[in-house]
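In full-length UniProt numbering, the protein residues as written are 1 to 256.
Ideal Cβ positions, reconstructed from N, Cα and C, are used throughout, including at glycine.
Computed from a prediction, not measured in an experiment: that's the story for all the values here.
To start, the structure under review is shown below, and the notes come after it.
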Amino acid sequence: MPLEILTVPCLADNYAFLLHDPASGETALVDAPEAGPILKVLDDRGWRLNHVLFTHHHDDHVAGLPELQTHQPDLRTIGAAADANRLPPLDLAVTEDEPFEMMNHEVRVLDVPGHTVGHIAYWIPQGEAVFTADTLMALGCGRLFEGSAEMMWHSLCKIAALPDRTVVYSGHEYTQANARFAQTIEPDNVALQNRIAGIEASRAAGKPTVPSTLAEEKETNPFLRAHLNPVKAALSMEGDDDAAVFAEIRQRKDAF
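Shown next, in the form of structure tokens:
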């Protein structure tokens, strides 16, 4: 049976994700910005939380764990072995070269540094889902707080190599602002214009713009398009390395 995946708005603009496996009755959480909204969904659905997966150490992705543990003390915590010293105590420390099993599904770990040096993503091939948090966002990518532009470009290329039908669950509702910036890079991108219309309609209705599909991101997200000749030409960087073009786009977004 397929996983049921729910987007849970938290804090001002964060997202957490609940994954429920009907076959086993188990439920997993990707990131824990705050406990209240997560506990409410669990209660409404009658689900018991079993696993919590962390993408990176920032407070707005881990701070809800202690309250969740007061309701469910035996939660299994999962996160990057390389960043274990900055994460909550882990029951399972994972690495990119060792997939693990969770709720009848194989979970593959992707090292995707850039936003932080220990950032990871979780790809569930059978579920056609990837949880990218603050690496790849809807129409954007995370700021380079710890890593380099070259590091982040490599991380984004790793995600972009997944199947196009993969659903991308990212960590924040930044999509409208990202869309305004994307238009400055590719104002004539028809796919981008069409996507923006859908984004505006979703936000007007109070609906999240997350998740998206990887195919959508590759058609419209300027941070995934730094290798394309039309994007390089728009930036007058036709002869430049892909990572350098990405760095220019990231710098422009930082100043936008």
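Own chain residues within Cβ distance below 6 Å of GLY64, not counting five before or after: So the qualifying residues of the chain are ALA32, PRO33, GLU34, ALA35.
Closest Cα partner of ALA138 within the set ALA244, MET237, ALA182: Checking every option, the nearest Cα to that of ALA138 belongs to ALA182.
Whether HIS119 touches HIS56 by CB criterion (8 Å): The answer is yes: Cβ separation under 8 Å.
Closest Cα partner of THR95 within the set ALA201, GLY198, PRO113: Nearest to THR95 by C-alpha distance, out of ALA201, GLY198, PRO113, is PRO113.
LEU68 vs VAL52 beta-carbon contact at 8 Å: In contact: LEU68 and VAL52 (Cβ atoms closer than 8 Å).
Short Cβ contact (8 Å threshold) for VAL168 with LEU228: No; because the gap between Cβ atoms is not below 8 Å, this pair is not in contact.
Contact under 8 Å by Cβ, LEU162 with TRP123: It is a contact, given that the beta carbons lie within the stated cut-off.
Close beta carbons around LEU3, own chain, < 8 Å, minus the five adjacent residues each side: For LEU3, where only same-chain residues beyond five positions count, the Cβ hits under 8 Å are LEU19, HIS20, ASP21, MET103, HIS105, ILE124, GLY127, ALA129.
C-beta contact flag for PHE246 and ALA149 at 8 Å: Contact flag set, yes.
Enclosing alpha helix (DSSP H) for PRO125 [first to last residue]: That residue, PRO125, is in no alpha helix (DSSP H); it is neither H nor E in DSSP.
Those residues which DSSP pairs with CYS10 across a bridge: DSSP, once it has assigned bridges, lists ASN14 as partnering CYS10.
C-alpha gap between ALA133 and ASP83, whole angstroms: ALA133 and ASP83: Cα-Cα distance of roughly 16 Å.
Residue(s) in a DSSP beta bridge with LEU136: According to the DSSP secondary-structure assignment, LEU136 is paired through a beta bridge with CYS141.
Minimum C-alpha distance to THR70 - residue among ILE5, LEU49, LEU11, LEU136: Checking every option, the nearest Cα to that of THR70 belongs to LEU49.
ASP164 versus ILE196: straight-line alpha-carbon distance, rounded: Distance between ASP164 and ILE196, taken at the CA atoms: about 20 Å.
CB contact check: HIS57 to chain B, cutoff 8 Å: Structure shown: chain B not included; a single protein chain is present.
Range of the contiguous beta strand (DSSP E) that encloses LEU170: The sequence as given places Ser at residue 170; Leu does not occur at that position. Residues 167-170.
Candidates GLN176, PRO88, ASN221, of which the one nearest THR135 by Cα: Checking every option, the nearest Cα to that of THR135 belongs to ASN221.
Beta-carbon contacts of GLY147 that lie in its chain and below 6 Å, excluding the five residues immediately before and after: Apart from the 5 residues on each side of it in sequence, GLY147 sits with its Cβ closer than 6 Å to the Cβ of PRO113, GLY114, VAL117 in its chain, given in chain order.
Cutoff 6 Å; reference ARG76; Cβ partners in own chain excluding five residues on either side: Within the same chain, HIS51, ASP91 come within 6 Å of ARG76 by CB-CB distance, once the 5 residues on both sides are set aside.
CA nearest to the CA of PHE54, picked from ALA233, ARG86, GLY198: Ranked by how close their Cα comes to the Cα of PHE54, the residues ALA233, ARG86, GLY198 have ARG86 in first place.
Under the three-state DSSP convention, the category THR55 falls into: The answer is coil: DSSP assigns THR55 none of H, G, I, E or B.
Exposure of MET1, with buried meaning 16 or more beta-carbon neighbours within 10 Å: So MET1 ends up on the exposed side.
Straight-line gap, ILE249 to ALA226 (C-alpha atoms, nearest Å): Using only the alpha carbons, I get a separation of about 8 Å.
Rounded separation between PHE17 and ALA243 - CA only: Straight-line Cα distance between these residues: approximately 31 Å.
Cα-Cα separation, ALA205 to ILE199: Rounded to whole angstroms, ALA205 to ILE199 spans 10 Å at the Cα level.
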